[in-house]
Structures are given as C-alpha cells and as structure tokens.
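S.K.: Sequential numbering of the sequence shown, starting at 1, is according to the UniProt record's numbering.
What follows is a single structure, and I will ask about it in a moment.
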Amino acid sequence: MMSYIKTARKHIRRSPYQALAAVLIMTLTFFVATILAILAYASHSTLRHFETQPQIIAFLKNEATSEQVSVLQKELDTDSRVRNVRYVSKEDALEIYRKATSDKPVLSELVSPKVFPASLEFSVTDLSFAEEVIREVEQKETVNQVAYTASLGNTKNIGEVVNNLRNITNYIRIGGLVLLGFLLTSSLLILLVILGMRISSRREEIEILQLIGATPGFIRAPFIFEGIFYALSGAFVGWLAATLGILYLTPSIASFFADIEVLPLTTQGLAMLLGAILGSELLLGLILGATGSFIALRRYLKI
Numbered sequence: 001m002m003s004y005i006k007t008a009r010k011h012i013r014r015s016p017y018q019a020l021a022a023v024l025i026m027t028l029t030f031f032v033a034t035i036l037a038i039l040a041y042a043s044h045s046t047l048r049h050f051e052t053q054p055q056i057i058a059f060l061k062n063e064a065t066s067e068q069v070s071v072l073q074k075e076l077d078t079d080s081r082v083r084n085v086r087y088v089s090k091e092d093a094l095e096i097y098r099k100a101t102s103d104k105p106v107l108s109e110l111v112s113p114k115v116f117p118a119s120l121e122f123s124v125t126d127l128s129f130a131e132e133v134i135r136e137v138e139q140k141e142t143v144n145q146v147a148y149t150a151s152l153g154n155t156k157n158i159g160e161v162v163n164n165l166r167n168i169t170n171y172i173r174i175g176g177l178v179l180l181g182f183l184l185t186s187s188l189l190i191l192l193v194i195l196g197m198r199i200s201s202r203r204e205e206i207e208i209l210q211l212i213g214a215t216p217g218f219i220r221a222p223f224i225f226e227g228i229f230y231a232l233s234g235a236f237v238g239w240l241a242a243t244l245g246i247l248y249l250t251p252s253i254a255s256f257f258a259d260i261e262v263l264p265l266t267t268q269g270l271a272m273l274l275g276a277i278l279g280s281e282l283l284l285g286l287i288l289g290a291t292g293s294f295i296a297l298r299r300y301l302k303i
C-alpha cells in the first residue's frame with residue numbers, strides 16, 4: 001500500500017496546479033456542507049426550544065384560593081395533552097420581573113407582588129391541542145386570562161412561531177440538500193476531468209508497466225489513492241475553515257439568541273458536534289473520492 005501512496009504523491013507533485021484545483025473545489029463543497037450542517041442543527045435546536053418551553057400561561061384571579069389552584073393544577077397534570085405544569089406565585093412573578101428589568105432597578109422598586117397575578121405555566125404535547133386546551137382553561141372560574149408566550153396571547157395565531165420555524169428548518173434541509181447535491185456533483189465531475197487528464201498524460205508510462213507485467217490493480221491503485229487524497233484533503237480543509245469561523249462567531253451567536261441554545265454551550269458539546277460533522281464529511285469524502293476514481297478509471301483506462 002505504501003508504494004501506491006508514494007506513486008500517488010509523485011503524480012500530485014508532477015501536476016500541482018491540477019491537484020490544487022481539485023482540493024479547492026472539494027474544500028468549497030465541504031465548507032458549504034459544514035455550514036449547512038450547523039444551520040440545520042441550529043434551526044432544529046431553536047425549534048425544540050419553542051416546542052419544549054412553557055407555551056401557555058393561565059393567569060389566575062386574585063380571589064382564587066390555594067385549594068382551587070391545586071385542583072386546576074392537578075387537572076392539568078393528569079391531562080395527556082399537557083406537560084410541564086408549573087405554578088408561579090405572585091412573589092415568583094415579581095422576581096421574574098426584577099430579573100427582566102435588572103438594568104433599570106427603579107422599575108423594580110416601584111412594584112410589589114400584589115401587582116402581579118399568580119399563574120400556571122404549561123406546555124402542550126402537540127401544538128394541534130393548543131387552541132382546544134386554551135378554550136377549556138379560559139372557562140375555569142379561577143382563571144382570569146390565558147396567554148401564549150410565543151404569540152402574546154393571540155390564539156388565532158397559536159403555533160405560528162413554531163410552524164414558521166418548522167418551515168424554515170425544512171427549507172434549510174431541502175435547500176441544503178439540493179445545494180450540497182449540486183456541489184458534490186460538480187466536485188465529482190471535476191475529479192473525473194482531472195483524473196482523466198492524469199491518466200491520459202501517463203498513457204506511455206501505463207503501457208510500459210503493462211509490458212513488464214504490472215497487474216491492473218497495481219496500475220489503478222495510485223489513481224484511486226490520488227482521488228481519495230483530493231476528497232479527504234478538501235473535506236478536512238473545508239471543515240477546518242468553517243469550524244474556525246463558527247468558533248469565532250459562537251460568542252456573538254450565543255449573546256444574540258440569549259436563552260435559546262442554538263449551538264452547544266459547553267466545549268465538550270461543541271467539540272462532539274463538530275467532530276461528528278468532521279467524521280461524516282471524511283466518510284463522504286472517502287466515498288466521493290473512491291467513486292470518482294473508479295468512474296475515471298473505468299472510462300479512461302482500458303486494461
């Protein structure tokens with residue numbers, strides 16, 4: 001195998017510009033692939049955030065007793081359409097308000113817990129249940145008003161935010177696959193052209209090898225390794241360039257999205273994500289390089 005690799009290295013050194021062109025187009029392909037993978041992950045994380053966060057808030061009347069609140073909370077807990085039920089007292093609501101206005105302490109000093117109603121926060125297992133659940137909760141005697149966190153209580157548009165995110169996620173996936181397919185096809189065609197030129201320029205050398213008894217496998221192997229080298233090099237360089245850009249922008253992204261974890265916040269989590277992308281791209285590069293090499297050999301090398 002080492003002799004095949006050495007021969008492939010000689011081929012690359014003899015025509016460095018062709019090798020550079022092949023690596024660059026592969027780099028562009030896998031750079032875009034890495035960005036698309038990150039976008040797909042971020043959009044999915046954003047979607048999961050809105051699907052799992054408390055979506056509905058039932059504001060309770062001031063005269064509601066603790067027994068009435070407990071009964072309502074138990075009803076919601078036992079409802080198969082509802083999950084993550086949480087009681088928020090007046091004091092808790094004030095604390096939430098203070099945190100939200102921490103940059104303006106004067107506003108916090110002007111209010112008391114009596115201003116804020118107690119509430120029950122909960123999510124629905126599926127957004128298709130949301131309007132139905134809201135109508136039922138609104139009819140409860142202890143409930144003053146029901147609001148939807150993502151649409152500010154506008155039940156006519158309930159689920160619109162999540163549905164929009166789902167559409168965006170689907171667009172990213174479908175559009176990304178189409179774009180990636182186009183780039184992979186372009187890379188494969190360029191690889192075929194370059195390897196075809198390599199084979200044509202070494203026609204005499206190949207004929208001599210045949211005359212001295214070289215096996216077809218011995219002649220083909222260096223070209224296969226050469227194609228794989230282009231693809232793997234492009235995959236790694238493209239991934240590295242995209243990763244450096246992502247690492248540079250991660251603090252800004254985390255700050256912009258605040259509570260939404262669009263990317264893993266821990267070093268280990270981010271490393272695992274990027275490592276998984278690298279592994280997938282190296283595997284894809286291996287398949288692409290080997291496929292391109294076999295097609296080129298089948299087309300241009302008749303032995």
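Just so it is clear, CB atoms sit at the ideal spot from N, CA and C, and this is done for glycine as well.
For Y17 and L286, I'd like the C-alpha separation in whole angstroms.
M.R.: On the sequence shown, position 17 is the one that residue 17 refers to. On the sequence shown, position 286 is the one that residue 286 refers to. The alpha-carbon atoms of Y17 and L286 are separated by roughly 22 Å.
S.K.: Please determine, among I57, A93, I194 and F129, the residue with the shortest C-alpha to C-alpha distance to V143.
M.R.: In the sequence shown, the residue the question calls residue 143 occupies position 143. The shortest C-alpha separation from V143 is found at I57.
S.K.: What are the start and end residues of each continuous beta strand (DSSP E) run of 3 or more residues lying completely inside the UniProt domain "FtsX extracellular" (55-146), in chain order?
M.R.: If we require 3 residues or more, the beta strand (DSSP E) runs fully inside the UniProt domain "FtsX extracellular" (55-146) come out as 56-60, 82-88 and 119-124.
S.K.: Spatial neighbours of I219 within its chain, please: C-beta separation below 8 Å, excluding the five flanking residues on both sides.
M.R.: In the sequence shown, counting from the first residue as 1, residue 219 sits at position 219. Here the set comprises I206, L209, Q210, L301 and I303.
S.K.: Looking at the strands, I want to know which residues DSSP matches up with D148.
M.R.: As a working note, residue 148 is residue 148 in the sequence shown. Looking at the sequence provided, one finds Tyr at residue 148 rather than Asp. According to DSSP, which records beta bridges pairwise, Y148 is partnered with I56.
S.K.: May I ask you to verify whether the stretch 181-189 touches the stretch 23-34, counting CB pairs closer than 8 Å and requiring at least 3?
M.R.: Flag = yes, the stretch 181-189 and the stretch 23-34 touch.
S.K.: Compare the beta carbon distance of F129 and R81 with 8 Å and say whether it is the shorter of the two.
M.R.: Position 129 of the sequence shown holds residue 129. Position 81 of the sequence shown holds residue 81. Yes. Within cutoff.
S.K.: Can you tell me whether DSSP reads A214 as helix, strand or coil?
M.R.: For the purposes of this step, residue 214 is identified with residue 214 of the sequence shown, where counting begins at 1. If DSSP states are grouped into helix, strand and coil, A214 belongs with coil.
S.K.: Apart from the five residues on each side of it in sequence, which residues of its chain come closer than 8 Å, Cβ to Cβ, to L179?
M.R.: Here residue 179 is taken as the residue at index 179 of the sequence shown, counted from 1. V32 and L36.
S.K.: Taking the Cβ atom as the reference point for each residue, do A241 and G289 lie within a distance shorter than 8 Å?
M.R.: Here residue 241 is taken as the residue at index 241 of the sequence shown, counted from 1. Here residue 289 is taken as the residue at index 289 of the sequence shown, counted from 1. No, the Cβ-Cβ distance between A241 and G289 is not below 8 Å.
S.K.: Helix, strand or coil: how does DSSP classify I260 here?
M.R.: On the sequence shown, residue 260 is found 260 positions in, with the first residue counted as 1. Three-state DSSP puts I260 in coil, outside helix and strand.
S.K.: Let me know the secondary structure DSSP gives L265 once reduced to three states.
M.R.: In the sequence shown, residue 265 corresponds to position 265, counting from 1. Here L265 sits in coil by DSSP.
S.K.: Using CA coordinates, which residue listed in G292, G279, G213 and L60 is at the minimum distance from I194?
M.R.: Along the sequence shown, one-based indexing puts residue 194 at 194. The shortest C-alpha separation from I194 is found at G292.
S.K.: Rounded to whole angstroms, what's the CA-CA distance from I134 to R98? Just pull it up for me.
M.R.: What you label residue 134 is simply residue 134 of the sequence shown in a count that begins at 1. What you label residue 98 is simply residue 98 of the sequence shown in a count that begins at 1. Each residue's Cα considered, the two are about 28 Å apart.
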